[in-house]
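Colleague: Just passing along the structure, written as structure tokens.
Protein chains: 2
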Amino acid sequence: MTETARGTSHRYGTRPTMKDVAARAGVGLKTVSRVVNGEPGVTPDTERRVQDAITALGFRRNDSARILRKGRTASIGLVLEDLADPFYGPLSRAVEEVARSHGALLINGSSAEDPAREQELVLALCARRVDGLVVIPAGDDHRYLAPEMAAGIATVFVDRPAGRIDADVVLSDNFGGARAAVAHLIAHGHRRIGFIGDQPRIHTAKERLRGYRSAMAEAGLPVDDSWVSLGSTAPDRVGAATTAMLAAPEPVTALFAGNNRVTVTAVRVLRGHSRPVALVGFDDFELADLVRPAITVVAQDSAQLGRTAAGLLFRRLDGVDEPPQRWEIPTRLIPRGSGEIRPAGG
Amino acid sequence: MTETARGTSHRYGTRPTMKDVAARAGVGLKTVSRVVNGEPGVTPDTERRVQDAITALGFRRNDSARILRKGRTASIGLVLEDLADPFYGPLSRAVEEVARSHGALLINGSSAEDPAREQELVLALCARRVDGLVVIPAGDDHRYLAPEMAAGIATVFVDRPAGRIDADVVLSDNFGGARAAVAHLIAHGHRRIGFIGDQPRIHTAKERLRGYRSAMAEAGLPVDDSWVSLGSTAPDRVGAATTAMLAAPEPVTALFAGNNRVTVTAVRVLRGHSRPVALVGFDDFELADLVRPAITVVAQDSAQLGRTAAGLLFRRLDGVDEPPQRWEIPTRLIPRGSGEIRPAGG
DNA sequence: CCGGCATTTGACAACGTTGTCTAGGGGCTA
DNA sequence: TAGCCCCTAGACAACGTTGTCAAATGCCGG
Numbered sequence: 001m002t003e004t005a006r007g008t009s010h011r012y013g014t015r016p017t018m019k020d021v022a023a024r025a026g027v028g029l030k031t032v033s034r035v036v037n038g039e040p041g042v043t044p045d046t047e048r049r050v051q052d053a054i055t056a057l058g059f060r061r062n063d064s065a066r067i068l069r070k071g072r073t074a075s076i077g078l079v080l081e082d083l084a085d086p087f088y089g090p091l092s093r094a095v096e097e098v099a100r101s102h103g104a105l106l107i108n109g110s111s112a113e114d115p116a117r118e119q120e121l122v123l124a125l126c127a128r129r130v131d132g133l134v135v136i137p138a139g140d141d142h143r144y145l146a147p148e149m150a151a152g153i154a155t156v157f158v159d160r161p162a163g164r165i166d167a168d169v170v171l172s173d174n175f176g177g178a179r180a181a182v183a184h185l186i187a188h189g190h191r192r193i194g195f196i197g198d199q200p201r202i203h204t205a206k207e208r209l210r211g212y213r214s215a216m217a218e219a220g221l222p223v224d225d226s227w228v229s230l231g232s233t234a235p236d237r238v239g240a241a242t243t244a245m246l247a248a249p250e251p252v253t254a255l256f257a258g259n260n261r262v263t264v265t266a267v268r269v270l271r272g273h274s275r276p277v278a279l280v281g282f283d284d285f286e287l288a289d290l291v292r293p294a295i296t297v298v299a300q301d302s303a304q305l306g307r308t309a310a311g312l313l314f315r316r317l318d319g320v321d322e323p324p325q326r327w328e329i330p331t332r333l334i335p336r337g338s339g340e341i342r343p344a345g346g
Numbered sequence: 001m002t003e004t005a006r007g008t009s010h011r012y013g014t015r016p017t018m019k020d021v022a023a024r025a026g027v028g029l030k031t032v033s034r035v036v037n038g039e040p041g042v043t044p045d046t047e048r049r050v051q052d053a054i055t056a057l058g059f060r061r062n063d064s065a066r067i068l069r070k071g072r073t074a075s076i077g078l079v080l081e082d083l084a085d086p087f088y089g090p091l092s093r094a095v096e097e098v099a100r101s102h103g104a105l106l107i108n109g110s111s112a113e114d115p116a117r118e119q120e121l122v123l124a125l126c127a128r129r130v131d132g133l134v135v136i137p138a139g140d141d142h143r144y145l146a147p148e149m150a151a152g153i154a155t156v157f158v159d160r161p162a163g164r165i166d167a168d169v170v171l172s173d174n175f176g177g178a179r180a181a182v183a184h185l186i187a188h189g190h191r192r193i194g195f196i197g198d199q200p201r202i203h204t205a206k207e208r209l210r211g212y213r214s215a216m217a218e219a220g221l222p223v224d225d226s227w228v229s230l231g232s233t234a235p236d237r238v239g240a241a242t243t244a245m246l247a248a249p250e251p252v253t254a255l256f257a258g259n260n261r262v263t264v265t266a267v268r269v270l271r272g273h274s275r276p277v278a279l280v281g282f283d284d285f286e287l288a289d290l291v292r293p294a295i296t297v298v299a300q301d302s303a304q305l306g307r308t309a310a311g312l313l314f315r316r317l318d319g320v321d322e323p324p325q326r327w328e329i330p331t332r333l334i335p336r337g338s339g340e341i342r343p344a345g346g
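These protein sequence lines map, in sequence, to chains A and B. Numbering-wise (full-length UniProt numbering), the first sequence opens with residue 1 and increments by one. Numbering-wise (full-length UniProt numbering), the second sequence opens with residue 1 and increments by one.
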């Protein structure tokens with residue numbers, strides 16, 4: 001009782017081990033292990049003595065040693081583009097919740113859309129022997145992962161498929177969503193529709209472009225080269241592209257923005273523009289309904305993406321052995337009035 | 001060359017170890033260790049043989065064992081409220097970047113504002129022997145952390161101070177920011193100003209309320225009890241509180257929203273309201289400038305909060321031994337026109 | 001040609017835990 | 001009371017790596 005939690009028998013920075021606890025309680029090492037892990041075969045009296053010693057010394061099991069011995073880390077890795085992006089926050093949280101329900105921790109890493117950094121991160125996680133990986137790929141060649149997967153690290157790709165290897169993947173219906181968005185604009189009378197998207201090496205950008213072209217073709221509309229602009233989503237690049245499209249001799253009357261960052265920049269540019277231009281964006285975002293005109297969006301459920309991927313991952317970890325799967329999560333068009341040819345405001 | 005990366009000498013799910021590599025290369029275990037870690041004292045010829053064996057077997061160092069041996073995990077833990085909240089995404093990313101620059105990985109956990117869950121998470125991270133912890137506390141008693149900190153786990157609290165222990169903390173200037181926000185409203189002619197904030201047990205909510213009261217007192221204005229409402233930030237609670245304040249006999253003419261979630265809900269309620277009501281919110285959010293009327297906000301730099309905390313943490317890990325520090329990050333009032341007594345729109 | 005020194009290499013223990021196996025003690029049955 | 005079994009408890013090895021130390025080799029100067 002008068003003993004402090006720090007105990008007496010160890011120095012600062014050196015933690016007591018089960019051996020210390022055993023010595024203090026006057027029992028064997030293994031008995032401490034049993035008590036710590038709630039294993040049966042310990043009399044109440046012995047257990048109490050061990051518990052007292054644990055409290056007195058401030059002992060906490062060293063999971064590094066446990067992990068080494070057991071061969072499982074009870075942790076999974078998540079590599080995504082940028083945790084600060086509002087699209088990935090909910091995804092990460094969803095993965096975390098599933099991990100938690102399976103008693104696992106989540107190690108998070110941002111690739112910053114750099115393939116080299118993605119690989120570095122993924123391999124660092126493999127070296128730590130995470131039980132599984134959820135990867136939103138930045139690169140397009142994941143052969144470097146094949147040996148790791150063969151060695152038992154379950155891997156699920158999300159948002160974009162793996163490159164040059166066969167693996168589980170969970171995608172949004174980018175093609176269908178984009179087609180619906182553009183069809184929405186066409187149904188509201190638009191004929192000249194621009195598309196501003198992410199870099200063409202990114203899978204989602206390609207798919208959304210394909211959806212755009214498909215909707216235009218389906219309606220028998222031509223697509224002028226100047227109506228399509230793929231590249232960085234940095235505000236200056238997107239702003240310049242938007243301005244250029246609006247300044248053309250035959251300017252577009254509507255824009256389809258390829259993701260949330262593009263949408264936000266486009267809204268700002270259109271704000272300062274005299275002629276009303278319709279806008280539909282891929283990805284929903286908070287307050288999209290409060291901006292005037294409200295922004296019609298193709299919403300993808302990023303949390304659902306994460307949940308599905310994590311669920312699939314833990315199925316694998318539970319030993320389910322099936323050929324690689326491909327899940328597709330539907331998107332949802334949320335019309336908010338920005339499709340009309342003459343939106344209010346502006 | 002004809003050998004696959006998977007090699008020949010180990011079964012599925014069993015990874016080769018340095019011992020396997022040593023056997024194949026015909027060298028000693030320690031020599032493999034030297035090559036893997038780039039230590040000096042290995043002839044080029046030996047190194048090449050070892051590298052060949054590594055490639056052939058698909059060996060990757062097991063960091064679990066390394067960690068156990070070295071006593072450092074090169075990882076830090078971050079416990080926050082909810083990774084899906086746009087306030088925490090940038091903070092987490094900033095912590096990650098600092099960790100990365102120090103060669104450390106980041107383990108992330110959401111407490112869901114539940115003290116028990118916070119403790120569970122923190123102690124799980126301690127059991128894994130993270131080198132350090134960044135904690136955004138949910139609870140108000142952190143004595144459970146004292147033994148861990150004494151044992152050498154550096155800990156920095158962010159956004160809210162630790163409860164009942166002495167520890168480093170990095171805060172926003174909640175009091176000053178709130179006072180500036182309310183003073184802004186007062187300067188624009190408002191006399192009856194409402195405050196809707198988070199639960200009073202949360203430090204930031206208390207501080208912002210204090211700032212609100214201070215600004216009102218400074219201007220010699222009375223504060224009616226019905227103008228202050230603290231509680232959950234769930235939309236229905238906030239919505240009801242907002243509606244009630246507007247329906248009072250002498251309704252408030254302006255609202256100060258205690259955080260981003262409150263602001264968003266308030267905007268929605270005010271939208272459907274006939275009489276114009278001014279609104280200033282704590283926390284900036286994307287598109288705050290595009291909503292009409294644009295929302296004046298007190299911006300806090302959550303990335304800066306994370307960067308500062310992580311920087312402090314790594315200073316501790318580098319052995320800097322000073323008494324616990326308290327940093328305060330300034331906030332910034334961003335006037336966007338919502339302070340006027342008769343904002344446009346509405 | 002020998003001693004001494006630097007360089008390369010490997011044997012061994014240790015990190016802290018858990019799985020296996022065996023010893024010892026007590027109670028039950030025949 | 002002998003024989004058996006069950007229950008508690010601990011000794012020991014193993015997980016895969018790194019730090020320490022010593023051996024072996026080769027080179028240099030005298």
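Glycine residues also receive a C-beta, built at the ideal position from the N, C-alpha and C atoms.
Would you say R61 of chain A faces chain B, with C-beta separation under 8 Å as the test?
Modeller: Residue numbering aside, residue 61 of chain A sits at position 61 when the first sequence is read from its first letter. Yes, R61 of chain A counts as interfacial toward chain B.
Colleague: What does DSSP give as the partner residues of I193 of chain A in its beta bridges?
Modeller: Within the first sequence, the letter at position 193 stands for residue 193 of chain A. Partner(s): A:A254.
Colleague: Could you please give the first and the last residue of the uninterrupted alpha helix (DSSP H) stretch that includes D168 of chain A?
Modeller: Taking the first residue of the first sequence as 1, we reach residue 168 of chain A at position 168. Unbroken run through D168 of chain A is the beta strand (DSSP E), 168-172; no alpha helix (DSSP H).
Colleague: Quick check: H190 of chain A and A248 of chain A, are their CB atoms within less than 8 Å of each other?
Modeller: In the first sequence, the residue the question calls residue 190 of chain A occupies position 190. In the first sequence, the residue the question calls residue 248 of chain A occupies position 248. Result no, Cβ atoms of H190 of chain A and A248 of chain A do not sit closer than 8 Å.
Colleague: Could you check the C-alpha separation between I136 of chain B and R315 of chain B for me, to the nearest Å?
Modeller: Position 136 of the second sequence, counted from the first residue, corresponds to residue 136 of chain B. Position 315 of the second sequence, counted from the first residue, corresponds to residue 315 of chain B. Approximately 19 Å between the Cα atoms of the pair.
Colleague: Can you give the Cα-Cα distance for G58 of chain A and G220 of chain B, rounded to whole angstroms?
Modeller: Taking the first residue of the first sequence as 1, we reach residue 58 of chain A at position 58. Taking the first residue of the second sequence as 1, we reach residue 220 of chain B at position 220. So the two alpha carbons sit approximately 54 Å from each other.
Colleague: Can you list, in chain order, the residues of its chain whose CB lies under 6 Å from that of E207 of chain A, leaving out five sequence neighbours each side?
Modeller: As a first step, residue 207 of chain A is located in the first sequence; it is residue number 207 there, counting from the start. Here the set comprises N174, F175.
Colleague: Along the segment 85-100 of chain A, where does the CB come closer than 9 Å to a CB of chain B? Name the residues.
Modeller: Going along the segment 85-100 of chain A in chain order, one finds D85, P86, Y88, G89, P90, L91, S92, R93, A94, E96, E97, R100 with a Cβ nearer than 9 Å to chain B.
Colleague: On the DSSP bridge list, what partners appear for W327 of chain A?
Modeller: Here residue 327 of chain A refers to the residue found at position 327 when the first sequence is read from its first residue. In DSSP, W327 of chain A forms a bridge with A:V170.
Colleague: Using a cut-off of 9 Å between C-beta atoms, extract the partners of D82 of chain B located in chain A.
Modeller: Numbered from 1 along the second sequence, position 82 holds the residue referred to as residue 82 of chain B. The contacting residues are G89, R93.
Colleague: Is the separation between the beta-carbon of P200 of chain B and that of L171 of chain B shorter than 8 Å?
Modeller: Stepping through the second sequence from its first residue, residue 200 of chain B is reached at position 200. Stepping through the second sequence from its first residue, residue 171 of chain B is reached at position 171. Going by C-beta atoms, P200 of chain B is not nearer than 8 Å to L171 of chain B.
Colleague: Whole-angstrom Cβ separation of L68 of chain B and A65 of chain A, contact assumed at under 8 Å?
Modeller: Along the second sequence, one-based indexing puts residue 68 of chain B at 68. Along the first sequence, one-based indexing puts residue 65 of chain A at 65. Contact flag correct, Cβ pair sits at about 5 Å.
Colleague: Applying the 10 Å Cβ sphere with the 16-neighbour rule, what's the burial state of R143 of chain A?
Modeller: Stepping through the first sequence from its first residue, residue 143 of chain A is reached at position 143. It is exposed - the Cβ of R143 of chain A has fewer than 16 other Cβ atoms within 10 Å.
Colleague: Fully enclosed by the segment 45-105 of chain B, which beta strand (DSSP E) runs are 3 residues long or longer?
Modeller: Correct list: 75-80.
Colleague: I'd like to know whether the C-beta atoms of E81 of chain A and A56 of chain A end up nearer to each other than 8 Å.
Modeller: Walking along the first sequence from the start, residue 81 of chain A turns up at place 81. Walking along the first sequence from the start, residue 56 of chain A turns up at place 56. No, these two residues do not count as a Cβ contact at 8 Å.
Colleague: How would you call Q119 of chain A, buried or exposed, if buried means at least 16 neighbouring beta carbons within 10 angstroms?
Modeller: As a position in the first sequence, residue 119 of chain A is number 119, starting the count at 1. Classification of Q119 of chain A: buried, given that the 10 Å Cβ count is 16 or more.
Colleague: With 8 Å as the threshold, decide whether the Cβ of F285 of chain B is near any Cβ in chain A.
Modeller: As a first step, residue 285 of chain B is located in the second sequence; it is residue number 285 there, counting from the start. Yes, because at least one Cβ of chain A sits closer than 8 Å to the Cβ of F285 of chain B.
Colleague: Smallest Cα separation from Y212 of chain B: which of B:V269, B:P235, B:S232, B:L255?
Modeller: The sequence position of residue 212 of chain B within the second sequence is 212, counting from 1. Checking every option, the nearest Cα to that of Y212 of chain B belongs to B:L255.
Colleague: Going by Cα to Cα distance, which pick from B:L246, B:V98, B:L312, B:G38 is closest to P276 of chain B?
Modeller: Looking up residue 276 of chain B in the second sequence gives position 276. Comparing Cα-Cα distances from P276 of chain B to each of B:L246, B:V98, B:L312, B:G38, the minimum goes to B:L246.
Colleague: Does DSSP put A299 of chain A in a helix, in a strand, or in coil?
Modeller: Along the first sequence, read from residue 1 onward, the residue named residue 299 of chain A stands at position 299. In the structure shown, A299 of chain A sits in a strand (DSSP, three-state: E or B).
Colleague: Can you tell me the Cα-Cα spacing of D225 of chain A and L333 of chain A, whole angstroms?
Modeller: Position 225 of the first sequence, counted from the first residue, corresponds to residue 225 of chain A. Position 333 of the first sequence, counted from the first residue, corresponds to residue 333 of chain A. In a straight line, the C-alpha of D225 of chain A is about 26 Å away from that of L333 of chain A.
Colleague: How about G319 of chain B: is its C-beta nearer than 8 Å to some C-beta of chain A?
Modeller: Taking the first residue of the second sequence as position 1, residue 319 of chain B is located at position 319. No, G319 of chain B lies away from the interface with chain A (no Cβ there is under 8 Å from its Cβ).
Colleague: Could you tell me whether the segment 147-167 of chain A touches the segment 234-245 of chain A, where touching means 3 or more Cβ pairs closer than 8 Å?
Modeller: Taking 8 Å as the limit for Cβ pairs, the verdict is that the segment 234-245 of chain A does not touch the segment 147-167 of chain A.
Colleague: If we cut at 8 Å on Cβ distances, does R128 of chain A have a partner in chain B?
Modeller: Sequence index remark: in the first sequence, residue 128 of chain A carries index 128 (1-based). With 8 Å as the cut-off, R128 of chain A counts as an interface residue toward chain B.
Colleague: Going by DSSP in three states, F157 of chain A sits in which element: helix, strand or coil?
Modeller: Here residue 157 of chain A refers to the residue found at position 157 when the first sequence is read from its first residue. F157 of chain A falls in the strand class under three-state DSSP.
Colleague: Quick check on the DSSP output: the beta strand (DSSP E) that includes R292 of chain A runs from which residue to which?
Modeller: Looking up residue 292 of chain A in the first sequence gives position 292. Note, R292 of chain A: premise wrong, no beta strand (DSSP E); not H, not E.
Colleague: Based on DSSP bridge pairs, tell me the residues matched to A278 of chain A.
Modeller: Walking along the first sequence from the start, residue 278 of chain A turns up at place 278. DSSP output for A278 of chain A lists A:A254 as bridge partner(s).
Colleague: Where A303 of chain B and L91 of chain B are concerned, what is the direct C-alpha to C-alpha distance, given to the nearest angstrom?
Modeller: Against the second sequence, residue 303 of chain B aligns to sequence position 303. Against the second sequence, residue 91 of chain B aligns to sequence position 91. Approximately 4 Å, taken between the alpha carbons.
Colleague: Please work out which residues of its chain come closer than 8 Å, Cβ to Cβ, to T17 of chain B, disregarding the five sequence neighbours upstream and downstream, and give them in chain order.
Modeller: For this step, residue 17 of chain B is matched to residue 17 along the second sequence. Closer than 8 Å at Cβ, skipping near neighbours: F59, N62.
Colleague: Give me the Cα-Cα distance between A53 of chain B and A22 of chain B, rounded to the nearest whole angstrom.
Modeller: For this step, residue 53 of chain B is matched to residue 53 along the second sequence. For this step, residue 22 of chain B is matched to residue 22 along the second sequence. For A53 of chain B and A22 of chain B, the distance between alpha carbons rounds to 8 Å.
Colleague: Listed in chain order, which residues of the segment 172-192 of chain B have Cβ atoms closer than 7 Å to some Cβ of chain A?
Modeller: Taking 7 Å as the Cβ-Cβ cut-off against chain A, none of the residues of the segment 172-192 of chain B qualify.
Colleague: Candidates B:V169, B:A146, B:A99: which alpha carbon is nearest V122 of chain B's?
Modeller: By 1-based counting over the second sequence, the position of residue 122 of chain B is 122. Taking only the C-alpha atoms, the option nearest V122 of chain B is B:A146.
Colleague: In angstroms, rounded to a whole number, what distance separates the CA positions of G26 of chain B and R15 of chain B?
Modeller: Residue numbering aside, residue 26 of chain B sits at position 26 when the second sequence is read from its first letter. Residue numbering aside, residue 15 of chain B sits at position 15 when the second sequence is read from its first letter. C-alpha separation (whole angstroms): 19 Å.
Colleague: Whole angstroms is fine: what's the gap from G132 of chain B's alpha carbon to V36 of chain A's?
Modeller: The count along the second sequence starts at 1 and reaches residue 132 of chain B at position 132. The count along the first sequence starts at 1 and reaches residue 36 of chain A at position 36. The alpha-carbon atoms of G132 of chain B and V36 of chain A are separated by roughly 24 Å.
Colleague: CB N305 of chain B to CB A154 of chain B, shorter than 8 Å?
Modeller: As a first step, residue 305 of chain B is located in the second sequence; it is residue number 305 there, counting from the start. As a first step, residue 154 of chain B is located in the second sequence; it is residue number 154 there, counting from the start. Here the sequence assigns Leu to residue 305 of chain B, which means Asn is not the residue at that position. In this structure, A154 of chain B does not lie closer than 8 Å to L305 of chain B by Cβ.
Colleague: Identify, in the order they occur along the chain, each residue of the same chain with its Cβ nearer than 8 Å to the Cβ of L125 of chain B, setting aside the five sequence neighbours on each side.
Modeller: In the second sequence, counting from the first residue as 1, residue 125 of chain B sits at position 125. Excluding sequence neighbours, L125 of chain B sits near G77, V79, I107, G109, L133.
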